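Residue numbers (the numbering used here), protein chains in the order written: chain U, 22 to 277; chain B, 45 to 447. Glycine residues also receive a C-beta, built at the ideal position from the N, C-alpha and C atoms. Everything numeric in this text was worked out from a predicted model, so none of it was measured.
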Amino acid sequence: MSLQRLFQKTLFGIFFLFGMIGVATSVLCIRTVDSYLSREYEANSKGIAKTIADASVDIILNRDLSVLQSLIDQFVEIQGISYIYITDETGEFLAHTFVPGVPEQIRTGYTGSTETVERRLPGIGDFVEVSSPILAGISGNVHVGMDMGLLSLRIQGAIGQQVYLITSIFVGGVFAAIWLVGLAAKPIAQLLSYAVRLAGGRADGDDRSEKLLARDDEVGHLARLFLYFSEAKDPNRIERATAAGPNPDMSGALGG
Amino acid sequence: MAPLTTTSKAASGSGTDGQEIVLGMSAAFSGPSRGLGIELYRGASAYFEHVNSSGGVHGRKIALKTYDDGYQPDPSVQNTMTLMLEDRVFALFGYVGTPTVTRVLPMLKKFQDQTVYLFFPFTGAQAQRDPPYADFAFNLRASYRQETAGLVDNFVSIGRKRIAVFYQADAYGRSGWEGVRRALKEHGEKIVAEATYRRGQRFESSMGRQVEILKAANPDAVICIGAYAACAAFLRDAVDLGLQVPVANLSFVGSESLLQLITESRPDRDRYTDLLVNSQVVPSYEDARIPAIREYRQLMLRYNPDPPQDLLEQAYSPLPQSFVSLEGFLDAKMMVKILDVLGENPDRTNLESAIFSIQNYDLGIGELVSFAPDRRQGLQTVYYTIVDAGRFVPLDDWKRRFA
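Dropping the structure here:
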């Protein structure tokens, strides 16, 4: 137990270090993924809005609005696009995909701006609305509402995968640390047990003691050192201590 | 009775052989709007069967190759590819719906070297009447613009200027919406409120939110641009929620199916149907004074065509007569005239010149049909009907009915 306590700080240190790395990596990853996917989502949406705007010019100027409606109906089938509406230069809604109607917030608050805005439409959801002018705005604007719920789900999914990977590495690292610390602590525990038996005069001739004294590492050196000090009190037994190890370098055992 | 629907492919690759001329039809034979496709097919079949039993056109029988698109654009496009590239039909005939036809038109342009024309689609949209696709289609019926303009003009003439629109959220709805908008603009008015519904809604769906949106604008009348199930649901909820104004529907709605839904669900039917006024692009099938109506009723009774059985997902009770089947009947009659003019060796490349040679042809409804390069729509007249004693009858006096 005393040896486990000796390594507790090391273990906690390792946990803390792994934890910090995990948290820092996760936070960075969340920010990166969130920012990247949001930018990509917005860029794609703008691309779609621009495509519709470019395709709308001829339709608005020359053709029936049912063709315009057919066009936006095809785009609104793309996953993530929640609504599309097209206004003319006066702000009149020429075509849209809303059911049962254009939301009050959009209808009454329409300004003709083509800035990207975030909208919370009661009972419908949260959206990023991107816009593109038709014929530089003189024929109206196209507005595309992208579902933020879906964006959040995608971000959460991507982050979830990253965090899952980091957590797996963290858990694996912790178990590896415990195993390695246990590997280091075991011979020390055996050394302690040997020292106790030596002090009690019960270490002579048993297998465990012989294996310990035969080790060619710091633990073996320490065991032989303990035996040397123990037998130094009895000059008749000192010869056994010096002969116990394969290379009983006492100065090495003493840390020299 | 021999089935009209063919399962064989035309051997020559041009939709004809020594025995048959194959026409391809993609329409709604399933889903909430199946009544439209089925009745259009039945009306056309009655006339084609009559012609076939009389020896066909220059000895060739007319066969209809039918596919179900459920009134959905993607299946319609797929069916058209099959009809054009695999079945190699002579022409496309009797397609149902604006969202479907609007998506099919670019295919006709893409394969224009094959000169496959679309004849008499069951839609009044502009897409197949205006460039760049007008050259690939021939229409018989009046357009939605003509229907909506007629409704608006009549409402405005009796002082009902505050007009709201309830429409299907797609190309069909937008086409009608634009027609109403244009017509109101002529009178210096605007649409006072609008509400939409998703295509494919059933009668059981609630239209309460749509009614509330329109009711808030206090309209004098509502023009609906939809299919029968949704429009019947709207009428039901409008009356139930206290929106007591005239409710107009376009010809596409499927008047009898709408009336049937209201009748079956409401014992006090008249409370609902008294508000109805439906525009039609064919005369009333109740008017036996009209020669083509007599012929239609006689042939529908004689042949009583079955719906295409292999496309039916559920049992269907055919309507003895309807505006939709009458339109199909007239479409078929016009098609037969065209094939007749085309001669003994029908060749698609001669179709346009054959059609343009038809001038002042009497279909039997009192309006003469002429075609020309700048006139690819045969009929121009819009009729108005109301419900009286559970039947649609002509509306003679708007003021007395709705003022």
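Here the stretch 177-186 of chain U does not lie against the stretch 31-42 of chain U, with fewer than 3 beta-carbon pairs under 8 Å apart.
Just so you know, the alpha carbons of Gly-100 (chain B) and His-231 (chain B) end up roughly 50 Å apart. Every beta strand (DSSP E) stretch that sits fully inside the stretch 140-226 of chain B and reaches 3 residues is listed by chain position as 207-212. Of all residues in the stretch 213-233 of chain B, the ones placed with a Cβ closer than 8 Å to any Cβ belonging to chain U are Ala-213, Asp-214, Ala-215, Tyr-216, Gly-217, Arg-218, Ser-219, Trp-221, Glu-222, in chain order.
The residues Leu-67, Tyr-161, Phe-163, in chain order, have a CB closer than 6 Å to that of Ala-135 (chain B) in the same chain once the five nearest residues on each side in sequence are set aside. If the five residues before and after Arg-147 (chain B) are omitted, its C-beta is found closer than 7 Å to the C-beta atoms of Pro-117, Ser-120, Val-121, all from its own chain and listed in chain order. Here the alpha carbon of Arg-206 (chain B) sits roughly 12 Å from the alpha carbon of Glu-238 (chain B).
Cβ-Cβ distances below 6 Å link Thr-307 (chain B) to Arg-313 in the same chain, with the five nearest sequence neighbours on each side left out; the list follows chain order.
With contacts defined as CB atoms closer than 8 Å, Gly-138 (chain B) and Tyr-211 (chain B) fail to qualify as a contacting pair. Three or more beta-carbon pairs separated by less than 8 Å are not found between the stretch 90-100 of chain B and the stretch 180-197 of chain B, which leaves the two stretches without contact. One thing to note: Gly-79 (chain B) has its Cβ no nearer than 8 Å to the Cβ of Gly-217 (chain B). Of all residues in the stretch 141-163 of chain B, only Thr-142, Pro-143, Thr-146, Arg-147 come within less than 8 Å of chain U when Cβ atoms are compared, listed by chain position. Put simply, the backbone Cα of Ser-152 (chain U) is about 8 Å away from that of Lys-71 (chain U). The DSSP assignment places 265-269, 291-293 as complete runs of the beta strand (DSSP E) inside the stretch 240-297 of chain B, in order along the chain (cut-off: 3 residues). Residue burial is scored here from C-beta neighbours: Asp-131 (chain B) has at least 16 other C-beta atoms within 10 angstroms and is therefore classed as buried. Of all residues in the stretch 251-268 of chain B, only Arg-253, Gln-254, Ile-257 place a beta-carbon less than 7 Å from a beta-carbon of chain U. Listed by position along chain U, the residues whose Cβ is nearer than 7 Å to that of Tyr-241 (chain B) are Val-120, Pro-121. In this structure, DSSP gives Asn-389 (chain B) a state outside helix and strand, which the three-state scheme calls coil. Secondary-structure assignment with DSSP links Met-69 (chain B) through a beta bridge to B:Thr-110.
For the 8 Å CB-CB criterion, Phe-73 (chain B) and Leu-356 (chain B) form a contact. Annotated three-state conformation of Gln-421 (chain B) is strand, per DSSP. The C-beta of Ala-135 (chain B) comes no closer than 8 Å to any C-beta of chain U. For Thr-142 (chain B), the number of other beta carbons within 10 angstroms of its own is at least 16, and it is reported as buried.
Ala-107 (chain B) has its alpha-carbon roughly 22 Å from the corresponding atom of Leu-363 (chain B).
Spanning the alpha carbons of Gly-168 (chain B) and Gly-101 (chain U) requires a straight line of approximately 33 Å.
In chain order, Asp-85, Ser-87 make up the part of chain U whose C-beta sits under 7 Å from the C-beta of Gln-170 (chain B).
Here Ile-107 (chain U) is bridged, per DSSP, to U:Ala-116, U:Val-163.
Cβ contact annotation for Pro-351 (chain B) (same chain, cutoff 8 Å, sequence separation greater than five): Phe-73, Ile-82, Tyr-85, Arg-86, Tyr-360, Pro-362, in chain order.
With a cut-off of 8 Å on Cβ pairs, the stretch 138-147 of chain U is not in contact with the stretch 81-98 of chain U, counting fewer than three such pairs.
With contacts defined by Cβ atoms closer than 8 Å, Ile-155 (chain U) and Val-163 (chain U) form a contacting pair. Judged by DSSP in its simplified three-state form, Ser-301 (chain B) adopts helix.
The three-state secondary structure of Arg-435 (chain B), taken from DSSP, is strand. A direct Cα-to-Cα measurement between Ile-269 (chain B) and Ser-66 (chain U) gives close to 31 Å. For the 8 Å CB-CB criterion, Tyr-428 (chain B) and Ser-323 (chain B) form a contact. In this structure, the straight-line span from the alpha carbon of Val-54 (chain U) to that of Glu-63 (chain U) is close to 14 Å.
Closest in C-alpha terms to Leu-258 (chain B), from the list B:Lys-153, B:Tyr-241, B:Val-385, comes B:Tyr-241.
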